[in-house]
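Asker: In the working numbering, the protein residues as written are -8 to 158.
What follows is a single structure, and I will ask about it in a moment.
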Amino acid sequence: MKDMLRLGKVTGAAGLKGELRVYPYTDYKEKFQELSYVLMDDKPRRIEKVRYHKNLAILKLEGIEDRSGAEACREKELFIRRADAPPLPEDSYYVADLLGLTVQKEDGEVLGRLKDVILHSAQDLYEVERPGGKSFLLPAVDEFVKDVDLEKGVITVRLIEGLLNED
């Protein structure tokens, strides 16, 4: 699945003409305008129209013509082939490439593995799973995230006191 990138999840229908409300898994929801298709159920669907409402992308996909067709897509995830994805800006990463990386402090002490990236409007949060199963959240900002080395599979971070509540 490394050759695919998750783009978002269908949350329901928008209107009566087969449009889908999509929660984007990106901090740049306008990325949908740069795409000609998405994959749903491993099948390519041409994007006919894109618009936005609050934090959602509203997509009209080829072959979905009415509200009941759109409702049938609820909870489905949308993907794109990695080879067809638009290039990322410098110091930006696909979530799929970050998940599972080792998270360590600047002195090399291993804190755990990146379990999830939680997208928020203010900043993303990295959910780091500690050995033993407990997790903590780390704001994904320059103050805390010092380096991401995809080749070595390591994210180097600087913590502030109290971030790891180890009780």
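Virtual Cβ for every residue (Gly too), placed ideally from N, Cα, C.
Among Q114, I71, Q95, G124, whose alpha-carbon lies nearest the alpha-carbon of K143?
Answerer: Residue mapping note: residue 143 aligns to position 152 of the sequence shown, counting from 1. Closest option to K143, Cα to Cα, is Q95.
Asker: Would you check if the region 98 to 116 and the region 59 to 76 touch, i.e. whether three or more CB-CB distances between them fall below 8 Å?
Answerer: Too few Cβ pairs lie closer than 8 Å, so no.
Asker: Where does V132 fall in DSSP's three states?
Answerer: Position 141 of the sequence shown, counted from the start, is the residue given in the question as residue 132. DSSP places V132 in coil when its eight states are reduced to three.
Asker: Suppose you measure from the CA of D88 to the CA of I109; what does that come to, to the nearest Å?
Answerer: Working through the sequence shown from its first residue, we reach residue 88 at position 97. Working through the sequence shown from its first residue, we reach residue 109 at position 118. Each residue's Cα considered, the two are about 14 Å apart.
Asker: Out of F127, M31, I151, which one is the CA nearest neighbour of E137?
Answerer: On the sequence shown, residue 137 is found 146 positions in, with the first residue counted as 1. Per the sequence shown, residue 137 should be read as Lys rather than Glu. Selected option, being the one with the closest Cα: I151.
Asker: Please return the same chain residues whose Cβ sits closer than 7 Å to the Cβ of G54, not counting the five positions on each side in sequence.
Answerer: Along the sequence shown, read from residue 1 onward, the residue named residue 54 stands at position 63. Cβ neighbours of G54 beyond the five flanking positions: R36.
Asker: Please work out which residues of its chain come closer than 7 Å, Cβ to Cβ, to Y28, disregarding the five sequence neighbours upstream and downstream, and give them in chain order.
Answerer: For this step, residue 28 is matched to residue 37 along the sequence shown. P35, R36, R37, I38.
Asker: Determine whether the beta carbon atoms of D(-6) and R73 lie at a separation below 9 Å.
Answerer: Against the sequence shown, residue -6 aligns to sequence position 3. Against the sequence shown, residue 73 aligns to sequence position 82. It is a contact, given that the beta carbons lie within the stated cut-off.
Asker: Exposed or buried, which one is A48 when buried takes at least 16 other CB atoms within 10 Å?
Answerer: The count along the sequence shown starts at 1 and reaches residue 48 at position 57. The residue is buried, with at least 16 neighbouring Cβ atoms inside 10 Å.
Asker: For V41, which of E21, D33, L30 has the nearest alpha-carbon?
Answerer: Working through the sequence shown from its first residue, we reach residue 41 at position 50. Comparing Cα positions, the closest option is E21.
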